[in-house]
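S.K.: One line per chain: the protein sequences are W and V, in this order.
Take the first sequence: its position 68, counting from 1, is numbered 68 in this note's numbering, and each next residue is one higher.
Take the second sequence: its position 323, counting from 1, is numbered 323 in this note's numbering, and each next residue is one higher.
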Amino acid sequence: MLAVRNLTKLFGTFAACNGIDLDIQPGEIHALLGENGAGKSTLVKMLFGVLAPTSGQISWRGEAVSIASPSAARKLGIGMVFQHFSLFEALTVAENIALSLDGTIPLARVAERAAELSRAYGLPLDPKAHVADLSVGERQRIEIVRALLQNPQLIILDEPTSVLTPQEADRLFETLFKLRAEGRSVLYISHRLEEVQRICDRATVLRHGKVTGACDPKKETAASLARMMVGADVPHVSAAGTNTKGDVLLEARHLDVPARTPFAVSLKDVSLKVHAGEVLAIAGVAGNGQGELFDALSGEYAVADPNAVLIRQRPVGQQGITARRLLGAGFVPEERHGHAAVTGMSLSDNLVLARNQSDRKAFLGGGVLGVIKYVAVRLASRRISEAMDVRKSGDDPTAGSLSGGNLQKYIVGRELDRQPAVLIVNQPTWGVDAGAASRIRQALVDLAKSGSAVLVISQDLDEIFEVATEVAVISEGRLSDIYPAIALSREKIGLLMGGLQGQPEALTEAAHAH
Amino acid sequence: MRIELEKRPQASVLYAVLSPFIALVLTVIAGGIMFWLLGKDPVSALYSFFVEPLLDVWSLHEIAIKAAPLILIGVGLSICYRSNNWNIGAEGQFIMGAIAGSIVPVVFHEWHSPLVLPLMLIFGMVGGALYAAIPAFLKANLNTNEILSSLMLVYVAQFFLDWIVRGPWRSPEGYNFPVTRNFTPEAILPEILDSGRTNLGFVFAIVAALLIWFMMRYTLKGFEITVLGQSERAGRFAGFSSRRMIWFSMLLSGALAGLAGISEVSGNINKLQPIISPGYGFTAIIVAFLGRLNPLGIIAAGLFLALTYVGGEAVQLTLTVSDKVTRVFQGLLLFFVLSCDTLILYKIRLVFPGRTAAVGQGAVQGAVQGGAE
Ligand SMILES: Nc1ncnc2c1ncn2[C@@H]1O[C@H](COP(=O)(O)OP(=O)(O)OP(=O)(O)O)[C@@H](O)[C@H]1O
Ligand SMILES: [Mg+2]
Chain W
1 MLAVRNLTKL
11 FGTFAACNGI
21 DLDIQPGEIH
31 ALLGENGAGK
41 STLVKMLFGV
51 LAPTSGQISW
61 RGEAVSIASP
71 SAARKLGIGM
81 VFQHFSLFEA
91 LTVAENIALS
101 LDGTIPLARV
111 AERAAELSRA
121 YGLPLDPKAH
131 VADLSVGERQ
141 RIEIVRALLQ
151 NPQLIILDEP
161 TSVLTPQEAD
171 RLFETLFKLR
181 AEGRSVLYIS
191 HRLEEVQRIC
201 DRATVLRHGK
211 VTGACDPKKE
221 TAASLARMMV
231 GADVPHVSAA
241 GTNTKGDVLL
251 EARHLDVPAR
261 TPFAVSLKDV
271 SLKVHAGEVL
281 AIAGVAGNGQ
291 GELFDALSGE
301 YAVADPNAVL
311 IRQRPVGQQG
321 ITARRLLGAG
331 FVPEERHGHA
341 AVTGMSLSDN
351 LVLARNQSDR
361 KAFLGGGVLG
371 VIKYVAVRLA
381 SRRISEAMDV
391 RKSGDDPTAG
401 SLSGGNLQKY
411 IVGRELDRQP
421 AVLIVNQPTW
431 GVDAGAASRI
441 RQALVDLAKS
451 GSAVLVISQD
461 LDEIFEVATE
471 VAVISEGRLS
481 DIYPAIALSR
491 EKIGLLMGGL
501 QGQPEALTEA
511 AHAH
Chain V
1 MRIELEKRPQ
11 ASVLYAVLSP
21 FIALVLTVIA
31 GGIMFWLLGK
41 DPVSALYSFF
51 VEPLLDVWSL
61 HEIAIKAAPL
71 ILIGVGLSIC
81 YRSNNWNIGA
91 EGQFIMGAIA
101 GSIVPVVFHE
111 WHSPLVLPLM
121 LIFGMVGGAL
131 YAAIPAFLKA
141 NLNTNEILSS
151 LMLVYVAQFF
161 LDWIVRGPWR
171 SPEGYNFPVT
181 RNFTPEAILP
191 EILDSGRTNL
201 GFVFAIVAAL
211 LIWFMMRYTL
221 KGFEITVLGQ
231 SERAGRFAGF
241 SSRRMIWFSM
251 LLSGALAGLA
261 GISEVSGNIN
271 KLQPIISPGY
281 GFTAIIVAFL
291 GRLNPLGIIA
301 AGLFLALTYV
311 GGEAVQLTLT
321 VSDKVTRVFQ
331 GLLLFFVLSC
341 DTLILYKIRL
351 VFPGRTAAVG
361 QGAVQGAVQG
371 GAE
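Structure (structure tokens):
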């Protein structure tokens with residue numbers, strides 16, 4: 001159906017894609033694998049006409065084509081769902097869909113067609129709902145329906161499941177199977193290898209912008225796929241070790257936070273303690289108060305009771321993020337773009353973003369004037385990029401030009417570089433490839449071993465079992481008791497996620513044993 | 001034929017630099033057409049509008065005098081706009097600064113001291129800042145739209161000025177004209193050159209622009225302004241407060257507009273009267289954008305827009321056209337600047353019906369087949 005020959009994309013002199021060959025058959029789900037910065041997004045953006053190839057050829061149904069814009073791609077029969085959605089929150093579902101179509105079709109027709117499609121493919125959607133009220137999974141469905149309306153023969157999905165709960169992901173897979181049964185093809189990008197093995201028929205692996213292999217993922221193991229991507233074995237995170245418990249460095253006492261917006265979750269009586277040397281992982285399905293907990297612990301939104309949050313035994317509930325950083329805490333929020341980093345600014349500027357007060361001495365001069373010492377900042381930024389193996393296309397590119405996973409490595413590295421006494425990370429590795437994820441996780445474990453307290457909020461149970469010494473579960477804004485990681489199994493965590501009220505006895509016992 | 005806008009993958013650096021110049025050229029062309037429609041010779045009209053003022057020492061001084069308030073206000077506004085605070089009411093802050101600064105020479109006109117002038121300038125800045133504090137307070141505490149509140153306060157300020165020069169501050173020696181007393185010599189900003197009327201206000205403007213340029217380029221404060229303008233959430237993560245930024249940017253731009261107001265009154269008009277500004281506060285918005293919100297660019301843009309005032313006066317006399325031409329030119333310019341800025345983020349494509357410009361022949365066939373299935 002689609003054949004790509006020798007496709008190359010240069011950014012300056014840097015080859016993000018270098019002589020790529022790719023064939024997609026009708027009626028297959030084709031996985032595109034590769035580490036962060038391998039060039040996956042760049043490749044599919046060329047297929048969808050967002051980026052223009054530097055050289056090479058794309059053929060569609062045997063005819064050479066040049067795809068100059070997304071609308072040209074749609075006309076050919078190619079649809080795409082981007083990693084980052086492009087929806088207007090203030091508009092309804094139907095209005096958002098209509099915006100991507102030719103202006104001539106009346107809104108009522110669009111709503112009707114969308115409703116039909118969403119029924120046919122098991123993507124429940126209310127065309128009249130406002131986007132602002134919808135969950136991430138529902139928003140993604142809008143994007144999918146929007147793509148389907150054009151009756152595409154090839155649908156490209158760039159990391160669709162990194163934002164979904166497992167249940168939502170399962171539902172997405174069913175839709176994909178339906179599409180495949182109709183003879184349509186799907187090009188599927190994901191870092192979750194188990195998922196790829198489950199649903200994909202073939203896989204193409206990229207590394208450093210080149211195709212390094214093709215395989216049938218069902219015949220491979222997750223480890224062998226990871227090896228193909230990275231070019232070496234992915235090291236196991238070694239959590240086992242000599243963590244000696246020290247003082248309590250991070251504590252929340254009966255933290256109550258009312259919901260800030262109608263769509264937020266309120267935190268109810270959350271108490272937790274993290275000792276030096278511990279990694280406390282907070283598991284839970286997305287949207288159960290993780291973001292709110294992060295905001296309260298980081299001080300981005302301070303709380304009324306000073307004693308509700310303690311960092312190194314000092315009450316900081318009412319203090320802002322700067323004061324907490326000065327006490328030695330570091331923070332990594334979930335959203336990279338526009339929260340942890342400003343996409344339009346360079347990496348070194350983004351270093352100043354997080355450390356303008358904690359590293360005042362090193363980064364600022366000129367007394368009250370606060371003149372930024374760019375030489376020192378650039379050096380530190382380079383040091384971080386090297387330590388975390390951040391792949392980028394120049395010395396100091398804008399944060400937005402980094403691939404998602406590489407930006408994440410930088411953002412985590414930015415905090416690790418300070419050796420913080422307390423580190424709070426929300427979803428440390430989403431969108432990060434297997435190699436980089438294991439590197440980030442190892443860094444978190446090592447930080448705890450060196451005597452810091454680490455709090456990891458994560459949806460990924462594999463990750464939790466790799467890094468955690470203690471585990472708690474958050475659900476509807478309530479936090480469970482804290483259990484030692486070895487006393488827990490996936491099933492028990494699953495039970496806890498289901499609801500915290502009726503706690504099974506086995507767990508209470510585990511808590512007592514603690 | 002249809003025109004399509006297509007988003008560029010990255011902002012174009014080339015067009016970021018070129019866009020103001022393209023806008024200038026388009027403005028001149030459109031202006032020429034306008035003169036032609038008015039039945040004037042476009043070439044000589046454009047010549048007396050844009051070139052003649054530059055050949056004459058007197059009008060060069062006029063340009064400097066008119067550029068000073070534009071630059072002062074424009075750099076203040078650039079801070080607001082960069083940090084996402086849309087202060088449209090600089091005209092009102094200009095007037096209130098002028099009134100507050102005039103308290104000393106009008107109410108205490110008997111007082112002669114070298115302190116008069118510095119006090120006037122300080123009062124002027126405080127007056128402008130306090131007037132900008134109203135929309136700042138409303139936005140920071142009640143989330144009121146500052147575009148509307150600051151704009152509406154302009155009219156309040158204009159009427160307040162009108163009332164005060166007709167009422168309590170009317171000069172007893174003014175034959176009932178609505179003006180205040182003439183300022184005493186120590187209340188007048190000194191001229192800086194022997195060759196003409198340019199006064200210290202121009203120096204204030206250049207110094208302010210350089211200071212703000214330094215702040216934006218090298219200091220943490222400038223960094224804070226940029227970050228908060230691009231992403232409030234990232235700013236919060238950095239420990240910056242967008243509420244404090246509302247206050248900072250509005251007070252700073254209000255103070256600079258107030259300084260412009262008192263400098264204009266003290267250096268150029270020498271008294272208060274019902275109308276003290278030909279719309280400097282609004283024209284400065286054009287200056288800020290034409291100068292790419294960059295203080296150095298704003299100096300150039302301020303000089304250029306001052307030229308449109310002086311050129312407008314010139315053609316008014318020589319060609320007997322309406323004094324509204326200046327406004328028309330300024331409006332055209334803003335229109336073209338904002339339109340040309342589209343080129344920074346978008347490509348323009350012409351699409352012809354009947355064939356698809358961008359997609360090759362095979363593609364069209366493919367699409368037809370795809371549709372048939
Ligand atoms: N606009 C750009 N300008 C310069 N370099 C870019 C640009 N876009 C991407 N790159 C570089 O191209 C490389 C490939 O990026 P791409 O986004 O395709 O990676 P990816 O495989 O999708 O990674 P991830 O899994 O992290 O999303 C990266 O090193 C990135 O820094
Ligand atoms: Mg990507």
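Glycine included, every Cβ here is placed at the ideal spot set by N, Cα and C.
Since Ala157/V and Tyr131/V should fall inside the 8 Å C-beta cutoff, what is the C-beta to C-beta distance between them, to a whole number of angstroms?
M.R.: Within the second sequence, the letter at position 157 stands for residue 157/V. Within the second sequence, the letter at position 131 stands for residue 131/V. About 7 Å; that satisfies the 8 Å criterion.
S.K.: What residues in its chain sit with their C-beta under 6 Å from that of Ala437/W, if we drop five residues either side in the sequence?
M.R.: Sequence index remark: in the first sequence, residue 437/W carries index 437 (1-based). Here the set comprises Thr429.
S.K.: Check this for me: beta carbons of Ser231/V and Val342/W, under 7 Å apart or not?
M.R.: Within the second sequence, residue 231/V is the residue found at index 231, counting from 1. Within the first sequence, residue 342/W is the residue found at index 342, counting from 1. Closer than 7 Å, so yes.
S.K.: Note down, in chain order, all residues in the segment 231 to 265 of chain V with a beta-carbon under 7 Å from any beta-carbon belonging to chain W.
M.R.: Cβ contacts with chain W: Ser231, Arg233, Ala234, Arg236, Phe237, Ala238, Gly239.
S.K.: Based on the DSSP output, what are the partners of Thr318/V in its beta bridges?
M.R.: Residue 318/V sits at position 318 when you count from the first residue of the second sequence. Answer by DSSP bridge pairing: none, since Thr318/V is not bridged.
S.K.: Over what stretch of residues does the alpha helix (DSSP H) that includes Arg243/V continue unbroken?
M.R.: As a first step, residue 243/V must be located in the second sequence, where it is residue number 243. Element bounds for Arg243/V: 242 to 264.
S.K.: Indicate whether at least one CB of chain V lies closer than 7 Å to the CB of Leu495/W.
M.R.: Here residue 495/W corresponds to residue number 495 of the first sequence, with the count starting at 1. Not closer than 7 Å to any Cβ of chain V, the Cβ of Leu495/W fails to qualify, so no.
S.K.: Is Lys361/W near ligand 4, with its Cβ less than 6 Å from a heavy atom?
M.R.: Looking for ligand 4 in the displayed structure turns up nothing; the ligands present are ligand 1 and ligand 2.
S.K.: Give the C-beta separation of Phe331/W and Ile424/W to the nearest angstrom, bearing in mind that I take them to be a contact with Cβ-Cβ under 8 Å.
M.R.: In the first sequence, residue 331/W corresponds to position 331, counting from 1. In the first sequence, residue 424/W corresponds to position 424, counting from 1. With 8 Å as the limit, Phe331/W and Ile424/W qualify as a contact, their Cβ atoms being about 5 Å apart.
S.K.: At a cut-off of 6 Å, is Asn36/W close to ligand 1 when judged by its beta-carbon and the heavy atoms of the ligand?
M.R.: What you label residue 36/W is simply residue 36 of the first sequence in a count that begins at 1. Yes, the Cβ of Asn36/W comes within 6 Å of a heavy atom of ligand 1.
S.K.: How many angstroms separate the CA atom of Pro420/W from the CA atom of Tyr410/W?
M.R.: Along the first sequence, read from residue 1 onward, the residue named residue 420/W stands at position 420. Along the first sequence, read from residue 1 onward, the residue named residue 410/W stands at position 410. Distance between the alpha carbons of Pro420/W and Tyr410/W: 16 Å.
S.K.: Less than 7 Å between CB atoms is the rule here; does Val342/W satisfy it with respect to chain V?
M.R.: Here residue 342/W refers to the residue found at position 342 when the first sequence is read from its first residue. At least one chain V Cβ lies under 7 Å of Val342/W.
S.K.: How would you call Ser55/W, buried or exposed, if buried means at least 16 neighbouring beta carbons within 10 angstroms?
M.R.: As a working note, residue 55/W is residue 55 in the first sequence. Exposed, since its Cβ has fewer than 16 Cβ neighbours within 10 Å.
S.K.: Would you mind giving the Cβ-Cβ distance between Ile298/V and Gln330/V, rounded to the nearest angstrom? I have them listed as a contact below 8 Å.
M.R.: By one-based count along the second sequence, residue 298/V stands at place 298. By one-based count along the second sequence, residue 330/V stands at place 330. Rounded, the Cβ-Cβ distance is 15 Å, inconsistent with contact.
S.K.: Does any residue of chain W have a CB that is nearer than 7 Å to the CB of Tyr218/V?
M.R.: Your numbering for residue 218/V matches position 218 in the second sequence. It does; some Cβ of chain W falls within 7 Å.
S.K.: How about Ser403/W: is its Cβ closer than 6 Å to a heavy atom in ligand 2?
M.R.: In the first sequence, counting from the first residue as 1, residue 403/W sits at position 403. Correct: Ser403/W has its Cβ closer than 6 Å to ligand 2.
S.K.: Is Lys409/W near ligand 1, going by C-beta to nearest heavy atom under 6 Å?
M.R.: Residue mapping note: residue 409/W aligns to position 409 of the first sequence, counting from 1. No, the Cβ of Lys409/W stays beyond 6 Å of every heavy atom of ligand 1.
S.K.: State yes or no: is the beta carbon of Val25/V nearer than 7 Å to at least one beta carbon in chain W?
M.R.: In the second sequence, counting from the first residue as 1, residue 25/V sits at position 25. So no, Val25/V is outside the interface.
S.K.: Return the CA-CA distance between Gly258/V and Val310/V, expressed in angstroms with no decimal places.
M.R.: Within the second sequence, numbered from 1, the residue matching residue 258/V stands at position 258. Within the second sequence, numbered from 1, the residue matching residue 310/V stands at position 310. Going by the C-alpha atoms only, they are around 23 Å apart.
S.K.: In three-state DSSP terms, what is Glu386/W?
M.R.: Here the question's residue 386/W lines up with position 386 in the first sequence. Helix at Glu386/W.
S.K.: Closer than 6 Å: is that where the CB of Ala16/W sits relative to any heavy atom of ligand 1?
M.R.: Residue numbering aside, residue 16/W sits at position 16 when the first sequence is read from its first letter. Answer for Ala16/W: yes, Cβ within range of ligand 1.
S.K.: Have a look at Leu115/V and Glu186/V and give me their C-alpha separation to the nearest angstrom.
M.R.: For the purposes of this step, residue 115/V is taken as the residue at position 115 of the second sequence. For the purposes of this step, residue 186/V is taken as the residue at position 186 of the second sequence. Answer to the nearest angstrom: the Cα atoms are 9 Å apart.
S.K.: Around the Cβ of Tyr483/W, are there at least 16 other Cβ atoms within 10 angstroms (buried) or fewer (exposed)?
M.R.: Here the question's residue 483/W lines up with position 483 in the first sequence. By the 10 Å Cβ count, Tyr483/W comes out buried.
S.K.: For a contact defined as C-beta to C-beta under 7 Å, what are the partners of Val227/V on chain W?
M.R.: The count along the second sequence starts at 1 and reaches residue 227/V at position 227. Neighbours of Val227/V on chain W, chain order: Val342, Leu353.
S.K.: Output yes or no for whether 7 Å exceeds the beta carbon distance between Ala111/W and Ala129/W.
M.R.: Against the first sequence, residue 111/W aligns to sequence position 111. Against the first sequence, residue 129/W aligns to sequence position 129. Against a cut-off of 7 Å, the Cβ pair of Ala129/W and Ala111/W comes out as no contact.
S.K.: Does at least one heavy atom of ligand 2 sit under 6 Å from the Cβ of Ser41/W?
M.R.: Walking along the first sequence from the start, residue 41/W turns up at place 41. Result yes, Cβ under 6 Å from ligand 2.
S.K.: Is it true that the CB of Leu148/W sits closer than 7 Å to the CB of Lys40/W?
M.R.: Within the first sequence, the letter at position 40 stands for residue 40/W. Within the first sequence, the letter at position 148 stands for residue 148/W. No, the Cβ-Cβ distance between Lys40/W and Leu148/W is not below 7 Å.
S.K.: Below 7 Å between beta carbons: does that hold for Gly422/W and Leu310/W?
M.R.: As a position in the first sequence, residue 422/W is number 422, starting the count at 1. As a position in the first sequence, residue 310/W is number 310, starting the count at 1. It should be noted that the sequence gives Val, not Gly, for residue 422/W. For Val422/W and Leu310/W, no; Cβs fall outside 7 Å.
S.K.: For Val237/W, collect the residues of the same chain with a Cβ closer than 7 Å to its Cβ; drop the 5 residues on either side in sequence, then sort them by chain order.
M.R.: Stepping through the first sequence from its first residue, residue 237/W is reached at position 237. Contacts found: Ser438, Arg441, Gln442, Val445, Glu466, Val467.
S.K.: Compare the C-alpha of Ala23/V against each of Asn84/V, Lys347/V, Asp341/V, Leu350/V and name the closest.
M.R.: As a working note, residue 23/V is residue 23 in the second sequence. Of Asn84/V, Lys347/V, Asp341/V, Leu350/V, the residue nearest in Cα terms is Asp341/V.
S.K.: Please return the same chain residues whose Cβ sits closer than 6 Å to the Cβ of Thr322/W, not counting the five positions on each side in sequence.
M.R.: Working through the first sequence from its first residue, we reach residue 322/W at position 322. For Thr322/W, where only same-chain residues beyond five positions count, the Cβ hits under 6 Å are Gln357.
S.K.: Specify, as a first and last residue, the run of the alpha helix (DSSP H) that Met216/V falls within.
M.R.: On the second sequence, position 216 is the one that residue 216/V refers to. Where Met216/V is concerned, the enclosing alpha helix (DSSP H) stretches over 200 to 218.
S.K.: Using 10 angstroms around the beta-carbon of Asn406/W, count the other beta-carbons present and answer buried if the total reaches 16, otherwise exposed.
M.R.: In the first sequence, counting from the first residue as 1, residue 406/W sits at position 406. Buried is the call here.
S.K.: Gln357/W touches chain V at which residues, Cβ-Cβ below 7 Å?
M.R.: By 1-based counting over the first sequence, the position of residue 357/W is 357. In chain order: Gly239.
S.K.: Roughly how far, in whole angstroms, is the beta-carbon of Val265/W from the beta-carbon of Gly289/W, given that I think they are within contact range, below 8 Å?
M.R.: Position 265 of the first sequence, counted from the start, is the residue given in the question as residue 265/W. Position 289 of the first sequence, counted from the start, is the residue given in the question as residue 289/W. Val265/W to Gly289/W, Cβ: 4 Å. Contact.
S.K.: Does the separation of the CB atoms of Ala308/W and Leu369/W fall below 7 Å?
M.R.: Here residue 308/W refers to the residue found at position 308 of the first sequence. Here residue 369/W refers to the residue found at position 369 of the first sequence. Not a contact, by the Cβ cut-off of 7 Å.
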